[in-house]
Amino acid sequence: MNSFRWRKIKSGIATSLAALCVLLAVAPLFMIFFYTLFQGISALNLDFFTQMPKPVGETGGGMANALVGSGILVGLGSLFGLPIGILAGIYLAEYGDNPFGSIVRFLTDVLSGVPSIVVGVVAYIIVVLPMKHFSALAGGVALGILMIPTVTRTSEEMIRLVPHYYREAGLALGIPQWKTTLRIILPTAMKGIATGILLAIARAAGETAPLLFTALGNRFWSTSIGQPIASLTVFIYDYAKSPFEDWIRQAWAAAFVLIAMIFLLNLIFRIVTRGRYAER
Amino acid sequence: MNRFPKIVLLLIATCVFALPSSAQLKLNGAGATFPYVIYSKWFDVYHQKTGIEFNYQSIGSGGGIKQVTEGTVDFGASDAALTDEQLQNVKKKQGTEVLHIPTVMGAVVVTYNLPEVGNDLRLSSDAVAGIFLGTITNWDDAKIAASNRGKQLPDEAIIVAHRSDGSGTTNIFTDYLTKVSKEWETKVGRGTSVNWPVGLGQKGNEGVAGIVKQAPGSIGYVELAYAVKNNLSYAALENKTGNYVRPTFDAVSAAAAGALKGMPEDLRVSITNADGKDSYPISGFTWLLVYKNMKDKTKAKAMVGFLKWAMGEGQSYAKNLYYAPLPKEIIKMCDARIASIAIK
Amino acid sequence: MDIPAKLDNGRSGSEVATAPPRTPPKKRGTFRGNVGDFVFKHLTLLFAVMVFSLVFLMAYEMYSGSRLSIEKFGLSFITNTTWDPVQDEFGALPFIFGTVVSSMLALIIAVPLSVGVAMFLSEIAPIWLSRPVSYLVELLAAIPSIVYGLWGIFVMVPWIRTSLEPFLSKTLGFIPLFRGAPYGFGMLAAGFILAIMILPIITSISRDVLKAIPNLQREAALALGATKWETTRIILSSARSGIFGATLLGLGRAVGETMAVTMVIGNRPVISASLFDPGHSMASVIANEFTEATSDMYVSSLIEIALVLFFVTMVLNALARIIVWSVTRKYNVAK
Numbered sequence: 113m114n115s116f117r118w119r120k121i122k123s124g125i126a127t128s129l130a131a132l133c134v135l136l137a138v139a140p141l142f143m144i145f146f147y148t149l150f151q152g153i154s155a156l157n158l159d160f161f162t163q164m165p166k167p168v169g170e171t172g173g174g175m176a177n178a179l180v181g182s183g184i185l186v187g188l189g190s191l192f193g194l195p196i197g198i199l200a201g202i203y204l205a206e207y208g209d210n211p212f213g214s215i216v217r218f219l220t221d222v223l224s225g226v227p228s229i230v231v232g233v234v235a236y237i238i239v240v241l242p243m244k245h246f247s248a249l250a251g252g253v254a255l256g257i258l259m260i261p262t263v264t265r266t267s268e269e270m271i272r273l274v275p276h277y278y279r280e281a282g283l284a285l286g287i288p289q290w291k292t293t294l295r296i297i298l299p300t301a302m303k304g305i306a307t308g309i310l311l312a313i314a315r316a317a318g319e320t321a322p323l324l325f326t327a328l329g330n331r332f333w334s335t336s337i338g339q340p341i342a343s344l345t346v347f348i349y350d351y352a353k354s355p356f357e358d359w360i361r362q363a364w365a366a367a368f369v370l371i372a373m374i375f376l377l378n379l380i381f382r383i384v385t386r387g388r389y390a391e392r
Numbered sequence: 129m130n131r132f133p134k135i136v137l138l139l140i141a142t143c144v145f146a147l148p149s150s151a152q153l154k155l156n157g158a159g160a161t162f163p164y165v166i167y168s169k170w171f172d173v174y175h176q177k178t179g180i181e182f183n184y185q186s187i188g189s190g191g192g193i194k195q196v197t198e199g200t201v202d203f204g205a206s207d208a209a210l211t212d213e214q215l216q217n218v219k220k221k222q223g224t225e226v227l228h229i230p231t232v233m234g235a236v237v238v239t240y241n242l243p244e245v246g247n248d249l250r251l252s253s254d255a256v257a258g259i260f261l262g263t264i265t266n267w268d269d270a271k272i273a274a275s276n277r278g279k280q281l282p283d284e285a286i287i288v289a290h291r292s293d294g295s296g297t298t299n300i301f302t303d304y305l306t307k308v309s310k311e312w313e314t315k316v317g318r319g320t321s322v323n324w325p326v327g328l329g330q331k332g333n334e335g336v337a338g339i340v341k342q343a344p345g346s347i348g349y350v351e352l353a354y355a356v357k358n359n360l361s362y363a364a365l366e367n368k369t370g371n372y373v374r375p376t377f378d379a380v381s382a383a384a385a386g387a388l389k390g391m392p393e394d395l396r397v398s399i400t401n402a403d404g405k406d407s408y409p410i411s412g413f414t415w416l417l418v419y420k421n422m423k424d425k426t427k428a429k430a431m432v433g434f435l436k437w438a439m440g441e442g443q444s445y446a447k448n449l450y451y452a453p454l455p456k457e458i459i460k461m462c463d464a465r466i467a468s469i470a471i472k
Numbered sequence: 003m004d005i006p007a008k009l010d011n012g013r014s015g016s017e018v019a020t021a022p023p024r025t026p027p028k029k030r031g032t033f034r035g036n037v038g039d040f041v042f043k044h045l046t047l048l049f050a051v052m053v054f055s056l057v058f059l060m061a062y063e064m065y066s067g068s069r070l071s072i073e074k075f076g077l078s079f080i081t082n083t084t085w086d087p088v089q090d091e092f093g094a095l096p097f098i099f100g101t102v103v104s105s106m107l108a109l110i111i112a113v114p115l116s117v118g119v120a121m122f123l124s125e126i127a128p129i130w131l132s133r134p135v136s137y138l139v140e141l142l143a144a145i146p147s148i149v150y151g152l153w154g155i156f157v158m159v160p161w162i163r164t165s166l167e168p169f170l171s172k173t174l175g176f177i178p179l180f181r182g183a184p185y186g187f188g189m190l191a192a193g194f195i196l197a198i199m200i201l202p203i204i205t206s207i208s209r210d211v212l213k214a215i216p217n218l219q220r221e222a223a224l225a226l227g228a229t230k231w232e233t234t235r236i237i238l239s240s241a242r243s244g245i246f247g248a249t250l251l252g253l254g255r256a257v258g259e260t261m262a263v264t265m266v267i268g269n270r271p272v273i274s275a276s277l278f279d280p281g282h283s284m285a286s287v288i289a290n291e292f293t294e295a296t297s298d299m300y301v302s303s304l305i306e307i308a309l310v311l312f313f314v315t316m317v318l319n320a321l322a323r324i325i326v327w328s329v330t331r332k333y334n335v336a337k
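Residue numbers (this note's numbering), protein chains in the order written: chain S, 113 to 392; chain D, 129 to 472; chain V, 3 to 337.
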């Protein structure tokens, strides 16, 4: 009896420890989120979204050019990454049950683990050096490469999740396979793929390292892809390590905007995929 | 098939954005963080005056030299003058010479965070060298106390902050240390990037100032503007004659006055540890690195226009932002160099 | 039944409708389908090949970019401790050391926590609790590195400087690991922040691995009278290799982390015994010095570091995926 009670106690302790782990693990999330929220919200004002940065040391100004810049960079990244990712995902789902497909799947997973700074170095070598200057294009290429693994994997998974009878019905009606995929399977999977795209966009929007020497930065308003461009993340980096209080305030505001957007995109992804598809 | 229209729309949207936002002339530059405070002011004012955009990224003098060498920017900036070898490199890679145009002078101050002590700490050259060498590790060390009789120094560890990137500010600072300390000369030497014996590194003048501002007991070296604008204390330093001098405009100008006699034509000179009892020992010029022969002549014209403005009206902004304006003789020499930039 | 030859004339609808067509439409349809199928299949194949070649392209570009330093320094690049841009002498050991130490520290902190959380989520918590908590943990993974860095500089580092380091100094100061001035910035800060960052990935993979183990094992243990904890222990030991794989994945992420690390690690290339001292990591040196690497050898050395990072993360990821895949496959097949 004693031994049994002792075992039960041990089990209780283990459960409590595990619960403690959860608290310790989740605590930083709340700390970071709420700290950023409080610091960021108090610093957010209309100026932040509409004004350009002021000269060094002067208070005021905003990050209008960085907000647009980040948007353009992510847009460019999507332009490169989405077609490649979706089409590769289609290949893997439809025709990929062969050794080559397995290798591609494997390499995609490997690619997702490559540090973003390394991708930045590659983008520097293949875009900045030949072009002879920094540009939004180079930043877009770096972000595109970073988006490819997520998009490929999600596309493949979502297509595979479409029930087989959709395909069988299409083929039974005499529709050629490619048309079945394109017109029936893909639209069905599209919702899931779109939310996977949102995840990839969320990741790309938060990247800093690869932009440091591809898109560089810009104190002025610029929407040209051949010129350096400002971005939210690089501004946060520049401002955060500076001593200027107004800059630090703006960095918190930018951080808040960033994680608000990323959390929102994640939430959408969760809602959509949970509703439709069983938990993995 | 609702994917394709989305993609097409995305393409069109990007192309629309890809069109130049306006017919404005844009020049890209990168380099020193030392003069970033005044450059950002200058470029902002000039933009409002003429509409021309000078996009300057403060990535450090090392970055400025590198990007000018690679030709990825239209102009650079550095407080470390290029060595002969670096000059050759630029000529080889870009097919044109690069000119050093001094814009302002500044003081590298030794800034510290000691709320108990106040902002009138005095540091001898031995003390500075010792702190940055790591041989003096505590604030109440005898060497520091010796020049600060009457002050109560805390028994705290000294947290040293220095640059982690290639820096002209580092170049000026280590140049001074090399001149005043044999131990520094042999152990570390001068340069834009050195093997720091001790301390935390961060990027840019902003980064070092950031550390000093955050960490009590810390000490670092930054350009005067960064210390003042952030209410950081900075020390009076012992100069060559043994006087303790605070970094003021006059002290910096005094240091430059000493250097005027031996000023070379290409304007590359160091004015640290200058003679003169009022000279501030860690003063320096900062230069804009401009190609003599730019391929794009419209940009060259814009550059020359800006430089002329900087030599004239621009100088009036210097004092407000804690830089020392250039002496008249130097401006004359600059005008000669600016005239040699090819605009046709 | 014979088809009247005159069917071709006029082709009036009723006549055609009544008789079976001479050429079955299936043939024509298949031909068009073949072309379409062919094009489509090869179009998608092309893009799959693009993904395939991307990895090799990256490796190749970095290799050719670092040829200079590879030829000059060879293996000594990894063992030399001098990083001197002025003398054009480059040894990457301090950065490798920094990366290894900060990642190891992160693992030491994160793995027990992660396994605890995974255990909780998969074995102990009821569904209404485990779903939201899983979600919260995944949200941690979504926070960008730069925001971690920002929070690190203004919240974590001051806390370490004013509370943790003095405390450790007082209590464990006799160990070389905890000696030195309380900078705040340094290896300890880097390890802590990396730990928070890799926690979600180790947790979610561990949880997946635990979930993949068939319920049969749990039921059998419970039937034999085991307590919750004892059952869990059995499951954990079955999942051992999967959890190891999850750890490798976390390590892979820690090794490649750039922004959060460079903002708190102190950026000084030294090898020091104390966790209080600043350090430098492979990723952070590239971030700090890439835009200003003046000489060709300097750039080449930095690219070589990127190459090393690339291979290390590739190997870690590949190993991890293989291990995790084999564990889940074992149990999926058994199911």
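C-beta atoms are modelled at their ideal positions from N, C-alpha and C, and glycine is treated no differently. Small disclaimer: the values here were computed from a predicted structure and weren't measured.
Output yes if chain S places a C-beta closer than 9 Å to the C-beta of residue i; else output no.
i: T25(V); result: For T25(V), the predicted model reports a pLDDT of 44, less than 50, meaning its position is unreliable and no value from the coordinates is stated.
i: F162(D); result: no
i: P87(V); result: no
i: Q176(D); result: no
i: E221(V); result: no
i: D39(V); result: yes
i: G335(D); result: yes
Is any beta-carbon of chain V found at less than 9 Å from that of residue i?
i: L305(D); result: no
i: A247(S); result: Correcting the residue identity first, residue 247(S) is Ser in this sequence and not Ala. Answer no: the Cβ-Cβ gap between S247(S) and chain V never drops below 9 Å.
Determine the burial state of residue i: buried for a count of at least 16 other Cβ atoms within 10 Å of its Cβ, exposed for fewer.
i: F75(V); result: buried
i: G286(S); result: exposed
i: E44(V); result: Glu is not the amino acid found at residue 44(V); the sequence shown has His there. With fewer than 16 Cβ atoms within 10 Å of its Cβ, H44(V) is classed as exposed.
i: Y62(V); result: exposed
i: M175(S); result: buried
i: Q339(S); result: buried
i: P26(V); result: Note on P26(V): pLDDT 46, under 50, position unreliable in the model; the coordinate value appears next. P26(V) comes out exposed.
i: V142(S); result: Here residue 142(S) is Phe; the residue named in the question, Val, does not match the sequence. F142(S) comes out exposed.
i: Q280(D); result: exposed
i: R331(V); result: exposed
Between which residues of its own chain and residue i is the CB-CB distance below 7 Å, once the five residues before and five after are set aside?
i: T320(D); result: S189, G190, A208, G294, S295, G296, T298 and N299
i: Q195(D); result: A158, V201 and G204
i: N358(D); result: A337 and K341
i: K29(V); result: Its pLDDT being 47, under 50, K29(V) is placed unreliably by the model, and nothing is read from it.
At the 9 Å Cβ level, is residue i part of the contact set with chain D, yes or no?
i: E259(V); result: no
i: V103(V); result: no
i: V233(S); result: no
i: R270(V); result: yes
i: V230(S); result: no
Note down, in chain order, each residue of its chain lying with its Cβ closer than 8 Å to the Cβ of residue i, except the 5 sequence neighbours on either side.
i: L174(V); result: F180
Among the residues of its own chain, which have a CB less than 6 Å from the CB of residue i, if the five just before and after it don't count?
i: R250(D); result: S275, N276, A364 and Y372
i: A353(D); result: V165, L449 and Y450
i: G282(S); result: T292 and I296
Compute the beta-carbon to beta-carbon distance between residue i and residue j, rounded to the nearest angstrom, for a pair I have assumed lies under 8 Å.
i: G106(V); j: T234(V); result: Checking the sequence shown, residue 106(V) turns out to be Met, not Gly. Incorrect: roughly 27 Å between the Cβ atoms, too far for contact.
i: V288(D); j: G327(D); result: 3 Å
Counting pairs of beta carbons, one from the segment 105-118 of chain V and one from the segment 183-196 of chain V, are three or more of them closer than 8 Å? Contact check between the segment 105-118 of chain V and the segment 183-196 of chain V: three or more CB pairs, one atom from each, fall below 8 Å, which counts as touching.
Contact between the segment 226-241 of chain D and the segment 389-407 of chain D: three or more CB pairs below 8 Å? Pairwise C-beta distances place the segment 226-241 of chain D in contact with the segment 389-407 of chain D, as three or more of them are shorter than 8 Å.
At least 3 beta-carbon pairs within less than 8 Å: the segment 250-257 of chain V vs the segment 325-344 of chain S: Taking a contact to require three or more Cβ pairs closer than 8 Å, the segment 250-257 of chain V and the segment 325-344 of chain S do not qualify as touching.
Please confirm if the segment 220-227 of chain S is in contact with the segment 256-269 of chain V, defined as three or more CB-CB distances below 8 Å between the two stretches. At 8 Å Cβ cutoff, the stretches touch.
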